[in-house]
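Student: So the sequence shown is residues -23 to -1, 1 to 551, counted in mature numbering (1 follows the signal peptide of the UniProt record, and there is no 0).
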Amino acid sequence: MKKRLLGALALILGLSMLTPAFAAPSPKGSAAGTTQQAVASTVQPSDASTAQPSDASAQTDEAPQDTEGSAASSGDSDTDTPAQTDETPLNTEGAGSSEAESTSGENTESGTDEGSDTGSGTAQTGSDTIYIEDDSLTPPDIQYAQAALLMDMQSGRLLYGKNIDARLYPASLTKMMTGIIAIENGNMADVVSASYEAIAPITLEDSQMGILTGEELTFEQLVNGMLIHSANDAANVIAVHLGGSLQGFVDIMNAKAAELGMTNTHFVNPCGTHDDNHYTTARDIAVLAQYAMQNETFRNIVKTVTYTIEPTNKYTSQRILVNTNLFLSTIRSLQHYYPPCTGIKTGHTSQSGYCLAAAAEYNGTNLLSVVMNCPNTNDNEGAYSYIDSRELFDFGFDNYVSQPIAAPGDIVADSKVKEAKNDTRVALTVETDVSALVPANVDRAADIITNVNIPEELYAPITKGDVIGTVTYTYKGTQIGVSNLVATNDVERNEILHFLNLILRIITSPFFFIPVIVIILVLLFASSKKKKRDRQRRIQQLKKKKQQQPDKGSAARAQRLSDDVRSDNSRYTK
């Protein structure tokens, strides 16, 4: 009975906030009839006076306070109860640095590095560095954000930027990094027990979902609570679970930032509570957001409006968590519901101001906006982070369209083919449809440059559908589309010409020349050695001949001596 009474009361209060003439905003302001009514039994913005720790500690029958995502009307801090439950104990354990949700809107930054874009669209306006891709367009009127940008989500192309490289505090935008690391490395089915190390730093002023030390939650519940409700306690529990400690996980975060090329980012904690050495830039946040939104699980979570935590070993009732992004529903604000929005993340501390990274899709165009350090004062006409973000989206959707550049069957290039029968050429087309976000008034032929990359020499045979090379399309020096190039026709081979070319290639190939030269040198060397051996053999033979033949002169002298001796002896014998 008590639950029914509470539900009925919440429904009456929610309905009393609606006006019959309300029409949800759209990029063209024509989304009438899409009003989303406030949901009963969900978190409603409460007065800022209840945000003080001394008052909150007395609310022993209410849930811990959520100080993320919306601004209280009094301009001090915002406090939403994360769920309506019959029994939701307060977390009073531990103290430490907290994400105090003040709406003072201080323009505090930890660095003054300015934009590195130096193209023709970059201009210095007062102390701001403004970049616009197409300087023929009227730039958006960004009045409140210290840094802002608009990006084509598909290509990562920067369409507009304001102080995009100024170092600022990200607050809970930090949780995008914690979330994508958790999704990529964790197991959603794991049951995680909240450790004291994770819960001790959380205070009543922190954005949280009321996790208690020793509470057992699934990893999936933690990731959803962190990304949807911006729960600092969930971020810390995830960090200790995956990194072994808070610092261990921070090291993983900084390594991931370096991997993504976030060169002006440094993390100190997994949830975004203020630290002078915890900083980033609008450009780096856009890099992170674009990367994270490529993950389907991440995309599905950040566009979820409400999420229910079933009873646990520490709670006997459900906790209903509401997304902190005002663009996603009318639960927190009637004024800023924006149907094209598909996520992503809010953030706020007194030092960071109000920050918002948001994605929106309309008529096939997918845009990403980032605003940082906005001085929000409430959730309606003073929600300046949403006003500037909407200005960015309107600029993008009004001035840019997603245009087809090439489709399968369109002949992009053709090429001569060697050894082709009848000198047949090959025609090339894109493998898949190629479209890109370009200004509505762009001259496609003059402004979009086609770069074909195929081998210098193509040889037959070629079969229709073979991948021959690639084609890239660039606009103002930025790649906006790429596709494989495939053959649209068969090219048969001239076998006789192929055989002759094969012989010629063999003969002229260095793999042929080198062995032949080596063989010739070996033969010449062997022939030289043989001639030398033959010459030495003949000399030896001549020597032997000379040794074997007696000296004729000596023999004659010996004969004459012998005859004389015989003649002398004959006188005596007579």
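Every residue gets a Cβ at the ideal spot worked out from N, C-alpha and C, and that includes glycine.
Under three-state DSSP, which class holds P381?
Tutor: One-based indexing of the sequence shown puts residue 381 at position 404. Correct three-state label for P381: strand.
Student: Where do the ends of the alpha helix (DSSP H) carrying H325 lie?
Tutor: If you number the sequence shown from 1, residue 325 lands on position 348. Here H325 belongs to no alpha helix (DSSP H); instead the beta strand (DSSP E) covers C318 to T326.
Student: Among L194, V264, I158 and P381, which has the Cα closest to the Cα of R134?
Tutor: Taking the sequence shown and counting its residues from 1, the one referred to as residue 134 is at position 157. R134 has its Cα closest to that of V264, out of L194, V264, I158 and P381.
Student: Less than 8 Å between the C-beta atoms of L303 and Y361, yes or no?
Tutor: Residue 303 sits at position 326 when you count from the first residue of the sequence shown. Residue 361 sits at position 384 when you count from the first residue of the sequence shown. Not in contact: L303 and Y361 (Cβ atoms no closer than 8 Å).
Student: Expressed to the nearest angstrom, what Euclidean distance is found between the alpha-carbon atoms of L500 and R510?
Tutor: As a working mapping, residue 500 is identified with position 523 in the sequence shown. As a working mapping, residue 510 is identified with position 533 in the sequence shown. For L500 and R510, the distance between alpha carbons rounds to 15 Å.
Student: Between Y452 and A413, is the Cβ-Cβ spacing less than 8 Å?
Tutor: Here the question's residue 452 lines up with position 475 in the sequence shown. Here the question's residue 413 lines up with position 436 in the sequence shown. Result yes, Cβ atoms of Y452 and A413 sit closer than 8 Å.
Student: Based on the DSSP secondary-structure assignment, which residues constitute the bridge partners of V411?
Tutor: Taking the sequence shown and counting its residues from 1, the one referred to as residue 411 is at position 434. V411 pairs with A383.
Student: So, under 8 Å CB-CB, F244 and V217 are touching, yes? Tell me the CB distance rounded to an integer number of Å.
Tutor: Here residue 244 refers to the residue found at position 267 of the sequence shown. Here residue 217 refers to the residue found at position 240 of the sequence shown. Rounded, the Cβ-Cβ distance is 15 Å, inconsistent with contact.
Student: Between M130, V459 and L405, which has its C-alpha nearest Q271's C-alpha?
Tutor: The sequence position of residue 271 within the sequence shown is 294, counting from 1. Here the closest residue by C-alpha is M130.
Student: If you draw a straight line from the C-alpha of L127 to the C-alpha of A336, how long is it?
Tutor: Along the sequence shown, one-based indexing puts residue 127 at 150. Along the sequence shown, one-based indexing puts residue 336 at 359. Near 10 Å, if we compare the C-alpha coordinates of A336 and L127.
Student: Measure the Cβ-Cβ separation of V407 and A384 and say whether it is below 8 Å.
Tutor: For this step, residue 407 is matched to residue 430 along the sequence shown. For this step, residue 384 is matched to residue 407 along the sequence shown. Yes, the Cβ-Cβ distance between V407 and A384 is below 8 Å.
Student: List the whole-angstrom C-beta distance separating T307 from Y314, where the pair is believed to meet the contact cut-off of C-beta under 8 Å.
Tutor: Numbered from 1 along the sequence shown, position 330 holds the residue referred to as residue 307. Numbered from 1 along the sequence shown, position 337 holds the residue referred to as residue 314. With 8 Å as the limit, T307 and Y314 qualify as a contact, their Cβ atoms being about 5 Å apart.
Student: Check whether the Cβ atoms of D365 and Q120 sit closer than 8 Å, and answer yes or no.
Tutor: Position 388 of the sequence shown, counting from 1, holds the residue named residue 365. Position 143 of the sequence shown, counting from 1, holds the residue named residue 120. By the CB criterion at 8 Å, D365 and Q120 fall inside the cutoff.
Student: When the Cα atoms are used, what is the spatial distance from T342 to Y450?
Tutor: As a first step, residue 342 is located in the sequence shown; it is residue number 365 there, counting from the start. As a first step, residue 450 is located in the sequence shown; it is residue number 473 there, counting from the start. Those two C-alpha atoms are separated by around 18 Å.
Student: In terms of residue numbering, what span does the alpha helix (DSSP H) encompassing V200 cover?
Tutor: Stepping through the sequence shown from its first residue, residue 200 is reached at position 223. Its alpha helix (DSSP H) spans residues F196 to H206.
Student: Rounded to whole angstroms, what's the CA-CA distance from Q513 to S505? Just pull it up for me.
Tutor: Residue mapping note: residue 513 aligns to position 536 of the sequence shown, counting from 1. Residue mapping note: residue 505 aligns to position 528 of the sequence shown, counting from 1. Cα to Cα, Q513 sits roughly 12 Å from S505.
Student: What are the boundary residues of the beta strand (DSSP E) that D375 is part of?
Tutor: Position 398 of the sequence shown, counting from 1, holds the residue named residue 375. Note, D375: premise wrong, no beta strand (DSSP E); alpha helix (DSSP H) at Y361 to N376.
Student: Comparing C-alpha positions only, which one of G249, L219, P247 and D261 sits nearest to A234?
Tutor: The count along the sequence shown starts at 1 and reaches residue 234 at position 257. Checked all of G249, L219, P247 and D261; the closest Cα to A234 is D261.
Student: By a C-beta neighbour count over all protein chains shown, 10 Å radius and 16 as the cutoff for buried, is F275 buried or exposed?
Tutor: Translated into positions along the sequence shown, residue 275 becomes position 298. Flag for F275 reads buried.
Student: Considering only residues of the same chain and omitting the five flanking positions on each side of L369, which have a CB-CB separation below 6 Å?
Tutor: Walking along the sequence shown from the start, residue 369 turns up at place 392. Taken in chain order, the residues that qualify are P117, L127 and S346.
Student: In its own chain, which residues sit with a C-beta less than 8 Å from the C-beta of P381, not counting the 5 before and 5 after it?
Tutor: Taking the sequence shown and counting its residues from 1, one reaches residue 381 at position 404. So the qualifying residues of the chain are D410, V411 and S412.
Student: On a Cα-Cα basis, can you pick out the residue from I425, S327, E469 and V444 that is closest to K395?
Tutor: Stepping through the sequence shown from its first residue, residue 395 is reached at position 418. Among I425, S327, E469 and V444, the Cα nearest to that of K395 belongs to E469.
Student: Would you mind sorting A9 into buried or exposed? The rule is 16 or more other CB atoms within 10 Å of its CB.
Tutor: Translated into the one-based positions of the sequence shown, residue 9 becomes position 32. Low per-residue confidence applies at A9: pLDDT is 33, beneath 50, and the placement is therefore not dependable, though the value from the model is reported in the following sentence. Classification of A9: exposed, given that the 10 Å Cβ count is below 16.
Student: Which residues share a DSSP beta bridge with P416?
Tutor: Indexing the sequence shown from 1 puts residue 416 at position 439. In DSSP, P416 forms a bridge with Y377.
Student: Quick test of your reading: T447 and N430, contact by CB under 8 Å. State the CB separation rounded to the nearest angstrom.
Tutor: Here residue 447 is taken as the residue at index 470 of the sequence shown, counted from 1. Here residue 430 is taken as the residue at index 453 of the sequence shown, counted from 1. The pair is a contact, with the Cβ atoms about 5 Å apart (cut-off 8 Å).
Student: Touch check for the stretch 433 to 446 and the stretch 458 to 468: three-plus C-beta pairs under 8 Å?
Tutor: By the Cβ rule, the stretch 433 to 446 counts as touching the stretch 458 to 468, because three or more pairs are nearer than 8 Å.
Student: Ignore the nearest five residues each way along the sequence and tell me which others in L150's own chain have a CB closer than 7 Å to its CB.
Tutor: Numbered from its first residue, the sequence shown carries residue 150 at position 173. Closer than 7 Å at the Cβ level, and outside the excluded window around L150, lie G249, I262, K322, G324, C332 and A334.
Student: Pull up the distance between the alpha-carbon of E287 and that of R296, whole angstroms please.
Tutor: Position 310 of the sequence shown, counting from 1, holds the residue named residue 287. Position 319 of the sequence shown, counting from 1, holds the residue named residue 296. Straight-line Cα distance between these residues: approximately 7 Å.
Student: Specify, as a first and last residue, the run of the alpha helix (DSSP H) that F179 falls within.
Tutor: For the purposes of this step, residue 179 is identified with residue 202 of the sequence shown, where counting begins at 1. The sequence shown places Ile at residue 179, not Phe. For I179, no alpha helix (DSSP H) segment is defined, and its DSSP state is neither H nor E.
Student: Would you mind working out which of T440, V389 and K522 sits nearest V459, comparing C-alpha positions?
Tutor: Taking the first residue of the sequence shown as position 1, residue 459 is located at position 482. Looking at the Cα atoms, V389 is the closest of the given residues.
Student: For the beta strand (DSSP E) containing D391, name the first residue and the last one.
Tutor: Position 414 of the sequence shown, counted from the first residue, corresponds to residue 391. From DSSP, the beta strand (DSSP E) with D391 extends over I388 to S392.
Student: Applying the 10 Å Cβ sphere with the 16-neighbour rule, what's the burial state of T354?
Tutor: Numbered from its first residue, the sequence shown carries residue 354 at position 377. Looking at its Cβ environment, which holds 16 or more other Cβ atoms inside 10 Å, T354 is buried.
Student: Which of the three DSSP states, helix, strand or coil, is assigned to N254?
Tutor: Counting from one through the sequence shown, the residue named residue 254 turns up at place 277. Reduced to three states, the DSSP call for N254 is coil.
Student: With 16 as the cutoff for other CB atoms within 10 Å, does K508 come out buried or exposed?
Tutor: As a first step, residue 508 is located in the sequence shown; it is residue number 531 there, counting from the start. With fewer than 16 Cβ atoms within 10 Å of its Cβ, K508 is classed as exposed.
Student: Is Q185 buried or exposed, if buried means 16 or more other CB atoms sit within 10 Å of its CB?
Tutor: Within the sequence shown, numbered from 1, the residue matching residue 185 stands at position 208. By the neighbour-count rule (16 or more Cβ atoms within 10 Å), Q185 is buried.
Student: From the DSSP output, in three-state form, read off G73 for me.
Tutor: Position 96 of the sequence shown, counted from the first residue, corresponds to residue 73. Below a pLDDT of 50, predicted positions are generally treated as unreliable, and G73, at 34, falls in that range; the measurement from the model is reported next regardless. Correct three-state label for G73: coil.
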